[in-house]
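Take a look at the structure set out below.
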Amino acid sequence: MSEKRLLIVDDEPEFGELVRKVAVSLGYEARVTASGRAFQDAYHEMNPTMIVMDMVMPEMDGNELVLWLMEQHYTAHLIIITGYSPDYAKDARVLAEFSGLRSVKTLTKPIGLAKLREALSSEG
1010 MSEKRLLIVD
1020 DEPEFGELVR
1030 KVAVSLGYEA
1040 RVTASGRAFQ
1050 DAYHEMNPTM
1060 IVMDMVMPEM
1070 DGNELVLWLM
1080 EQHYTAHLII
1090 ITGYSPDYAK
1100 DARVLAEFSG
1110 LRSVKTLTKP
1120 IGLAKLREAL
1130 SSEG
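Here my numbering runs 1009 ahead of the position in the sequence shown, where the first position is 1.
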């Protein structure tokens, strides 16, 4: 198992695949999920060192997943992504930081490749 493991959850398959390709080029083992439930299953299989999470999805939104990650005692890196106003991810970021998640970043779609690479490259 790779030392750099990225788990992506985004209900837009094309965006998830783009993130995966960039991550693999940076040395990550990366997996894409399209729903909160699939993310939870993959989380236990993969034990990710970084997570890229979309805020708005069917089934479970980003805030619900942050709360779930708190229950799992996840303390690694988290990138929160939204296609809405940057302020939309603020609550999730504050909640994540309060829960002990480190290196919490927020990005707004559309995201340029350089900005995505930078976020995935910085682990602290």
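By construction, the Cβ of each residue, glycine as well, lies at the ideal position given by its N, Cα and C atoms.
Next item on the list: Could you check if P1057 is buried or exposed, using at least 16 other CB atoms within 10 Å of its CB as the buried criterion?
Entry: By the Cβ neighbour-count rule, P1057 is buried, with 16 or more other Cβ atoms within 10 Å of its own.
Next item on the list: Under the assumption that K1114 contacts A1101 (Cβ atoms under 8 Å), give the Cβ distance between them as a whole number of angstroms.
Entry: Contact doesn't hold; Cβ gap of about 11 Å is too wide.
Note to self: Which residue wins for smallest C-alpha separation from M1059, given the options E1106, P1022, Y1083 and D1019?
What the structure shows: Y1083
Next item on the list: Assign F1107 to one of two classes, buried (16 or more other C-beta atoms within 10 Å of its C-beta) or exposed (fewer than that).
Entry: That one is exposed.
Item checked: Simplified DSSP assignment, three categories, for H1086 -> strand
Note to self: Helix, strand or coil for D1019? Go by DSSP, reduced to three states.
What the structure shows: coil
Check: Got a sec? Which residues, its chain only, sit under 6 Å from G1025 by beta carbon, not counting five neighbours each side?
Finding: For G1025, the CB contacts under 6 Å within the same chain, skipping 5 residues up- and downstream, are I1017, D1019 and V1041 in chain order.
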